[in-house]
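Number of protein chains: 2
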Amino acid sequence: MPRPRQFDEERVLSSVQAAFWDNGYAGTSLEDLLVASGLGKGSLYGAFGDKQSLFLRVLREYDEANDRMLRTWLEQADRAVDVIRGFVIGPLRDPGGAEARRGCLRANTAMELSAGAPEVAAEARRSYAATTTLLAEAVRRAQREGDVAPRVDPDEAAHAVLAGQLGLLVLDRVGQDPAALSTMAETLLHGLLPRP
Amino acid sequence: MPRPRQFDEERVLSSVQAAFWDNGYAGTSLEDLLVASGLGKGSLYGAFGDKQSLFLRVLREYDEANDRMLRTWLEQADRAVDVIRGFVIGPLRDPGGAEARRGCLRANTAMELSAGAPEVAAEARRSYAATTTLLAEAVRRAQREGDVAPRVDPDEAAHAVLAGQLGLLVLDRVGQDPAALSTMAETLLHGLLPRP
DNA sequence: CTTATAGTGGACCGATCGGTCCATCACCGG
DNA sequence: CCGGTGATGGACCGATCGGTCCACTATAAG
């Protein structure tokens, strides 16, 4: 009987995610969210609750999408080591494109909000753990495929690769030269995942 | 002839730094700064200008202090490799202490503000470059002291160590288990600075 | 067509934001 | 002892914050 929604929930979440991604949590006002989504306050609040709830939902979907992407990427790749390399280098590409220098929504907001928002910190921990698990699987497979030395501990290497990638994201965000970032990525990969 | 200042500038800057460190830039209000410093608005503005100027000054002093600390640490240490290890592990210590989980003011605010405040991004780049130079010197010395394999490229290793440390700071901020962080630090150090 | 229901969007709210202004104060040279 | 100068801190400002409320609308069931 009621009036149906006039907006596409996916599109709204996508535009809201872009707003948070570009400007951070505190840097994105309600007004920004309304403009980005094209909705009125009543609609946005009725559908998603307050700003924090909306943000948490967007963040969780971002993490899930990343997880899915990495998982299918691993399924389709010929060599697991290529996926690991892509994981480290991927976020740094496209230096002049539309998505340039936005870094990673997860890392950006984890740094911004972890001190004051335990739920965001917990979500970040959960998500990083999932990523590490996938990376460890990838390292094991890369060892089977002969691309990584067998003496490497897959779990330790996965954790270290994650840390290295996060560091590159920080340096990317402050505008570090992309060529230097690529070199760092290669140094990290060679050091942490030596060939047999 | 005029009335002299009634506050100690160093103490004020120190307490203001603590406030920004705990709560980030946007998360620290003028009111917070007044409470932390014990000053009135007129005094704070008269002495340091607006919020952004004050923050930039605090950030620059933080970076300089860190640079000085690392430099003297290197001068006094018996082995450069110990200083590098300390650089990576140091910020993670003291998990239950008063300074727990504040991470690094430079990294925190670089992530928070780089997108919208070019001056902060530039300061972060400048500071990271200085740190990398010191680290590269340390790697060269560690090679001379026989603690790091000569085949390692000091500049590349320094960049990669910096990236790894930054990643650990991110994971530390979201509340990652300190034991896991220590293991990651060791993995990074062993991988990037192999013994001869 | 009527009616119940949820969607819509803007008016409106108090709180707080960063920042300005100024009456008052304390000091020091004369 | 006085006069002038900068320090002081709180009153005050407009803007904007996140959030609530409500008159109105569009819809589908009866």
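Taken in order, these protein sequences are the chains called A and B. The numbering of the first sequence is our numbering, which starts it at 1 and goes up by one. The numbering of the second sequence is our numbering, which starts it at 1 and goes up by one. Every residue, glycine too, gets a C-beta built ideally from N, C-alpha and C.
Residue i and residue j closer than 8 Å at C-beta
{"i": "B:Ala121", "j": "A:Gly175", "result": "yes"}
{"i": "B:Gly191", "j": "A:Asn23", "result": "no"}
{"i": "A:Gly27", "j": "B:Leu162", "result": "no"}
{"i": "B:Leu59", "j": "B:Thr132", "result": "no"}
{"i": "B:Asp172", "j": "B:Gly103", "result": "yes"}
{"i": "B:Ala149", "j": "B:Pro194", "result": "yes"}
{"i": "B:Tyr25", "j": "B:Leu169", "result": "no"}
{"i": "B:Met184", "j": "A:Ala160", "result": "yes"}
{"i": "A:Ser182", "j": "A:Ile84", "result": "no"}
{"i": "B:Arg106", "j": "B:Ala124", "result": "yes"}
{"i": "A:Ala36", "j": "A:Ala19", "result": "yes"}
{"i": "A:Thr187", "j": "B:Glu31", "result": "no"}
{"i": "A:Met111", "j": "B:Met111", "result": "yes"}
{"i": "A:Pro154", "j": "A:Ala130", "result": "no"}
{"i": "A:Pro4", "j": "A:Leu92", "result": "no"}
{"i": "A:Leu198", "j": "A:Leu56", "result": "In the structure as shown, chain A begins at 1 and stops at 196. Residue 198 of chain A is therefore absent and cannot be evaluated."}
{"i": "A:Ser127", "j": "A:Asp63", "result": "yes"}
For residue i, the three-state DSSP class (helix, strand or coil)
{"i": "A:Glu145", "result": "coil"}
{"i": "B:Gly38", "result": "coil"}
{"i": "B:Gly49", "result": "coil"}
{"i": "A:Ser127", "result": "helix"}
{"i": "B:Leu193", "result": "coil"}
{"i": "B:Gln176", "result": "coil"}
{"i": "B:Thr28", "result": "coil"}
{"i": "A:Asp153", "result": "coil"}
{"i": "A:Pro118", "result": "helix"}
{"i": "A:Gln76", "result": "helix"}
{"i": "A:Arg5", "result": "coil"}
{"i": "A:Arg102", "result": "coil"}
Interface flag, residue i vs chain B, CB-CB below 8 Å
{"i": "A:Ser114", "result": "yes"}
{"i": "A:Gly27", "result": "yes"}
{"i": "A:Ala117", "result": "no"}
{"i": "A:Gln143", "result": "no"}
{"i": "A:Glu64", "result": "no"}
{"i": "A:Thr131", "result": "no"}
{"i": "A:Ala179", "result": "no"}
{"i": "A:Met69", "result": "no"}
{"i": "A:Leu105", "result": "no"}
{"i": "A:Leu192", "result": "yes"}
{"i": "A:Asp183", "result": "Checking the sequence, you will find Thr at residue 183 of chain A rather than Asp. For A:Thr183, the answer is yes, since a Cβ of chain B falls inside 8 Å of its Cβ."}
{"i": "A:Leu188", "result": "yes"}
{"i": "A:Ala77", "result": "no"}
{"i": "A:Leu162", "result": "yes"}
8 Å CB neighbourhood of residue i in its chain, flanking five on each side removed
{"i": "A:Arg71", "result": "Leu134"}
{"i": "A:Gln17", "result": "Val58, Glu61, Tyr62 and Leu105"}
{"i": "B:Asp67", "result": "Ser127, Ala130, Thr131 and Leu134"}
Close Cβ partners of residue i (< 7 Å) along its chain, the five nearest in sequence each way excluded
{"i": "B:Leu39", "result": "Phe7 and Val12"}
{"i": "A:Ser15", "result": "Ala36 and Ser37"}
{"i": "B:Arg140", "result": "Pro154"}
{"i": "A:Gly146", "result": "Pro196"}
{"i": "B:Trp21", "result": "Arg102 and Leu105"}
Min CB distance residue i to chain A below 8 Å
{"i": "B:Asn23", "result": "yes"}
{"i": "B:Gly175", "result": "yes"}
{"i": "B:Tyr128", "result": "yes"}
{"i": "B:Arg57", "result": "no"}
{"i": "B:Leu171", "result": "yes"}
{"i": "B:Glu156", "result": "yes"}
{"i": "B:Arg125", "result": "yes"}
{"i": "B:Gly167", "result": "yes"}
Residue span of the alpha helix (DSSP H) that contains residue i, given as start and end
{"i": "A:Phe20", "result": "Glu9 to Asn23"}
{"i": "B:Val88", "result": "Ala80 to Ile89"}
{"i": "B:Leu113", "result": "Leu105 to Leu113"}
Residues near residue i by beta carbon distance below 6 Å, same chain, minus five either side
{"i": "B:Ala142", "result": "Ala80, Val81 and Val148"}
{"i": "A:Gly164", "result": "Leu188"}
{"i": "A:Ala77", "result": "Val83"}
{"i": "B:Ala158", "result": "Thr132, Leu135, Ala136 and Val139"}
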